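Quick mapping for you: the protein sequence lines, in order, are chains A and B.
Going by the numbering used here, the first sequence runs without a break in its numbering and finishes at 324.
Going by the numbering used here, the second sequence runs without a break in its numbering and finishes at 324.
Worksheet for the structure shown next.
2 protein chains.
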Amino acid sequence: MKRALTVVGSVAFDNVETPFGVREHMLGGSAVHFSLAASFFTRVRLVGVVGADFGESERAVLSSRGVDIDDLEVVPGGETFFWRGRYDYDLNTAHTLETRLNVFADFKPKLSADSRSSEALFLANIQPDLQREVREQCAKASFVALDSMNYWIESARPSLLRTIGLVDAVLLNDAEARELSGVANLVRAARVIRSWGPRMIVAKQGEYGAALFTDEGFFSLPAYPLEEVADPTGAGDSFAGGFVGFLAAHAGEKLSDKILRAAMVYGSVLASFNVEEFGTERVARLTFPEIERRFGEFQRMTSFELIRPPIV
Amino acid sequence: MKRALTVVGSVAFDNVETPFGVREHMLGGSAVHFSLAASFFTRVRLVGVVGADFGESERAVLSSRGVDIDDLEVVPGGETFFWRGRYDYDLNTAHTLETRLNVFADFKPKLSADSRSSEALFLANIQPDLQREVREQCAKASFVALDSMNYWIESARPSLLRTIGLVDAVLLNDAEARELSGVANLVRAARVIRSWGPRMIVAKQGEYGAALFTDEGFFSLPAYPLEEVADPTGAGDSFAGGFVGFLAAHAGEKLSDKILRAAMVYGSVLASFNVEEFGTERVARLTFPEIERRFGEFQRMTSFELIRPPIV
């Protein structure tokens with residue numbers, strides 16, 4: 013009995029420029045990166061909106077990974093959300109050059125009975141009122157996670173706090189966790205946010221990996237050490253896809269620390285593949301044996317044993 | 013047969029202001045923080061210089077940890093190196109408010125036969141010509157590590173490169189490794205620096221921990237998640253003390269990946285204790301059982317197991 017995971021978020025076309033190349037009109041958006049990553053672990057239902065320019069080849073990328081796009085609304089005559097950005101050599105910061113919200117500006121998520129019945133739900137980075145409306149429609153979801161960003165922290169804080177009170181997991185960048193909590197120390201920032209309801213906080217730390225804060229303690233994992241990052245776009249959403257996707261497959265069970273840690277590793281694995289190539293290129297042709305091999309590499313690069321000094 | 017480790021670096025008085033308090037005239041300096049941390053693993057010989065203001069209580073801190081200060085030169089009528097700095101809430105960046113080099117300005121390390129005979133050597137952050145002179149005097153040192161900083165990378169690059177060519181390990185902050193190599197990607201930056209001679213590069217990453225780059229691969233460890241960092245001064249030197257101190261105890265043996273990883277953990281453990289209180293306060297009264305307990309906590313916060321998803 014394969015459980016299902018509903019994701020609500022953006023579907024986009026991206027133009028991206030990095031030191032390693034330029035790509036135009038690539039399939040992108042948080043819900044897309046998330047869905048592809050999560051598809052290795054559970055059935056995924058994507059709720060989003062696109063314009064008339066969204067074509068068969070884009071649908072095929074999602075369908076070939078088994079992503080259910082029945083709830084991907086098409087606005088006749090509309091244009092799909094468009095983002096153009098540039099990364100410089102450090103690749104840590106995206107410089108947004110152009111954003112055209114297009115049909116995404118008026119996005120009102122419409123969930124079919126199927127999407128509402130999923131056992132797990134991911135609220136990608138959209139307006140927190142919409143996130144909350146979706147959350148309330150998915151009464152059967154026993155595991156719900158959300159992502160957000162500085163824009164909503166600054167412009168819709170009260171709504172965001174209400175939504176955070178309704179989810180199990182919050183995924184944020186370090187800087188966002190600090191801004192949201194008003195606390196510079198990340199350990200305390202996570203404690204503050206958990207006091208609002210969520211059982212777990214995932215701090216995404218870019219090239220430094222990711223950290224998990226729960227009642228049971230702290231877990232940290234480095235990022236996979238890549239010598240070339242072709243395109244960081246979607247790394248955070250791919251992480252979320254691996255993390256939430258794996259947990260969705262366990263929705264309804266007790267999510268033990270062991271399961272949460274494995275989810276963190278799957279998230280990191282998916283993020284690491286995502287950035288190896290542009291857009292969705294790498295994850296679209298990824299295989300599960302590749303994922304499992306990289307999981308093993310994460311074990312090798314983080315494991316150690318106690319050796320007592322020869323003389324104390 | 014206890015091996016010995018010689019360290020050459022600064023001995024200082026520090027005035028430090030952090031959000032958690034203010035302290036004046038604290039014992040500090042890279043060689044001091046390093047020596048105290050390393051003293052848990054091996055015999056330590058400190059080579060440095062102080063002024064007439066360096067008193068019995070400062071000596072006692074070092075002596076009580078067994079640090080050999082026979083080569084701590086005293087300049088009659090001179091004043092000890094003085095640093096005054098402030099940390100703001102993020103605690104990641106030291107703001108230097110005042111530096112008085114005093115007797116350190118004319119420091120010419122003078123090594124006794126004992127100091128020259130040590131099996132291991134740490135060249136703390138001093139002028140690279142001096143580092144090289146010391147390195148050449150310590151012919152028996154089978155393990156040599158070095159720290160440096162942006163100031164020498166910018167003002168004495170050719171000399172620094174020559175010195176780097178003579179050591180086994182280079183310890184740097186991420187930003188320093190990038191500046192030194194001219195490469196933004198840290199994995200490649202470490203590869204470039206290793207091509208100049210050192211077998212290993214340790215990238216110190218502050219609140220994100222530390223990473224080790226060797227021929228055998230990559231190892232990464234988070235920092236210990238402290239809710240309060242009282243004073244970050246000396247964290248890097250304490251890390252180096254734990255790391256090099258543990259390796260010094262194995263000098264002459266093959267330094268296996270297993271030994272290097274344990275050294276990384278000891279470095280992280282010592283750094284984490286160092287920042288819990290001001291100056292040398294915490295490490296000065298640290299015990300080995302406390303170190304070993306925290307080593308175990310590092311294992312708990314980084315370990316995970318492969319769990320395959322229920323359905324692939």
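Just so you know, even glycine gets a beta-carbon here, dropped at the ideal spot from N, CA and C.
This structure is a prediction, so every number in the text was calculated from the model and none was measured.
Kindly list, in the order they appear in chain A, the residues whose Cβ is closer than 8 angstroms to that of residue i.
i: Val20(B); result: Within chain A, no residue comes near Val20(B); the closest Cβ sits about 22 angstroms away, beyond 8 angstroms.
i: Phe307(B); result: Leu318
i: Ala223(B); result: Pro234, Pro237
Please state if the CB of residue j and the CB of residue i are separated by a distance shorter than 9 angstroms.
i: Asp243(A); j: Phe307(A); result: no
i: Thr175(B); j: Gln143(B); result: yes
i: Arg273(B); j: Ser315(A); result: yes
i: Ile213(B); j: Leu173(B); result: no
i: Leu198(A); j: Met276(A); result: no
i: Pro234(B); j: Ser193(A); result: no
i: Phe134(B); j: Val23(B); result: no
i: Pro321(B); j: Phe251(A); result: no
i: Ala196(A); j: Leu103(B); result: yes
i: Arg365(A); j: Val28(A); result: Outside the shown range of chain A (13 to 324) lies residue 365(A), about which nothing can therefore be said.
i: Arg15(B); j: Gly264(B); result: yes
i: Val156(A); j: Ala181(A); result: yes
i: Ile205(B); j: Ala222(B); result: no
i: Asp82(A); j: Ser124(A); result: yes
i: Ile271(A); j: Phe258(A); result: yes
Relative to the C-alpha of residue i, which candidate in the options has its C-alpha closest?
i: Glu148(B); options: Arg169(B), Ile165(B), Asn137(B), Pro121(B); result: Pro121(B)
i: Ala50(A); options: Glu240(A), Ala132(A), Leu192(A), Asn114(A); result: Ala132(A)
i: Asn185(B); options: Val146(B), Gly209(B), Tyr220(B), Ala151(B); result: Tyr220(B)
i: Glu280(A); options: Tyr236(A), Ala296(A), Pro322(A); result: The sequence given here places Ser at residue 280(A); Glu does not occur at that position. It is Tyr236(A) whose Cα lies nearest to the Cα of Ser280(A).
i: Ala283(A); options: Asp126(A), Leu48(A), Asn162(A); result: Leu48(A)
i: Pro140(A); options: Thr292(A), Asp118(A), Ala168(A); result: Ala168(A)
i: Leu58(B); options: Gly21(B), Ala296(B), Pro301(B); result: Gly21(B)
i: Arg98(A); options: Phe66(A), Thr30(A), Gly229(A); result: Thr30(A)
i: Ser127(A); options: Lys152(A), Phe116(A), Asn114(A), Ala117(A); result: Lys152(A)
i: Asp249(A); options: Gln217(A), Glu228(A), Arg112(A); result: Gln217(A)
i: Trp208(A); options: Ser171(A), Glu240(A), Ala187(A); result: Ser171(A)
i: Glu302(B); options: Ile165(B), Tyr278(B), Ala157(B); result: Tyr278(B)
i: Phe116(B); options: Ser130(B), Leu84(B), Leu158(B); result: Leu84(B)
i: Phe230(A); options: His37(B), Gly229(B), Leu238(B); result: Leu238(B)
i: Pro88(A); options: Thr18(A), Glu293(A), Gly67(A); result: Gly67(A)
i: Ser268(B); options: Thr245(B), Thr226(B), Glu304(B); result: Thr226(B)
i: Phe300(B); options: Arg77(B), Leu318(B), Ala202(B), Glu70(B); result: Arg77(B)
i: Phe32(B); options: Ser160(B), Val287(B), Ser154(B), Gly177(B); result: Val287(B)
i: Cys150(A); options: Val179(A), Arg305(A), Ile138(A); result: Val179(A)
i: Glu145(B); options: Phe119(B), Val241(B), Val256(B), Met161(B); result: Phe119(B)
i: Ala187(A); options: Ser160(A), Asp80(A), Asn114(A); result: Ser160(A)
i: Lys266(B); options: Arg211(B), Ile138(B), Val61(B); result: Arg211(B)
i: Asp65(B); options: Val56(B), Asp80(B), Ser75(B), Glu91(B); result: Glu91(B)
i: Asp100(B); options: Ile319(B), Trp164(B), Thr245(B); result: Thr245(B)
i: Leu113(A); options: His262(A), Ile165(A), Phe25(A); result: Phe25(A)
Along the chain, where does the alpha helix (DSSP H) that runs through residue i open and close?
i: His37(B); result: Element bounds for His37(B): not the alpha helix (DSSP H) but the beta strand (DSSP E), 33-40.
i: Val56(A); result: First-last for Val56(A): 55-63, but that is the beta strand (DSSP E), not the alpha helix (DSSP H).
i: Ile303(A); result: 300-314
i: Ala283(B); result: 269-286
i: Asn162(A); result: 162-167
i: Leu142(B); result: 140-149
i: Ala189(B); result: 186-193
i: Ala72(B); result: 68-76
i: Val295(A); result: 293-296
Along the chain, where does the beta strand (DSSP E) containing residue i start, and where does it finish?
i: Glu239(A); result: Counting along the chain, Glu239(A) falls outside any beta strand (DSSP E), and DSSP gives it neither H nor E.
i: Phe251(B); result: First-last for Phe251(B): 247-260, but that is the alpha helix (DSSP H), not the beta strand (DSSP E).
i: Val23(B); result: Element bounds for Val23(B): n/a, residue is neither H nor E.
i: Asp159(B); result: 155-159
i: Thr226(B); result: 222-226
i: Val204(A); result: Note, Val204(A): premise wrong, no beta strand (DSSP E); alpha helix (DSSP H) at 198-206.
i: Ala136(A); result: Taken as a continuous stretch (DSSP letters only), Ala136(A) belongs to no beta strand (DSSP E), as it is neither H nor E.
Name, please, each residue of chain A whose Cβ falls closer than 7 angstroms to the Cβ of residue i.
i: Val277(B); result: Phe316
i: Tyr220(B); result: Gln217, Tyr220
i: Phe53(B); result: Pro321
Run down chain B in chain order and give the residues with a C-beta less than 7 angstroms from the C-beta of residue i.
i: Met313(A); result: Gly229, Phe230, Phe231, Ser232
i: Asp102(A); result: Ala196
i: Phe258(A); result: Pro321
Please compile the residues from chain A whose C-beta is within a distance smaller than 9 angstroms of the C-beta of residue i.
i: Phe155(B); result: Residues of chain A passing the Cβ test: none, with the nearest at roughly 14 angstroms.
i: Arg273(B); result: Ser315, Phe316, Glu317, Ile319
Listing by chain order, which chain B residues have their CB less than 8 angstroms from the CB of residue i?
i: Lys270(A); result: Phe316, Glu317, Ile319
i: Val199(A); result: Pro237, Leu238, Glu239
i: Phe285(A); result: The contacting residues do not exist; Phe285(A) stays about 16 angstroms from chain B at best.
Quiz prompt | Contained beta strand (DSSP E) runs [length at least 3] in the stretch 81-128 of chain A, N- to C-terminal order | solution = Fully contained in the stretch 81-128 of chain A are the following beta strand (DSSP E) runs of length 3 or more, in chain order: 84-87, 93-99, 106-112.
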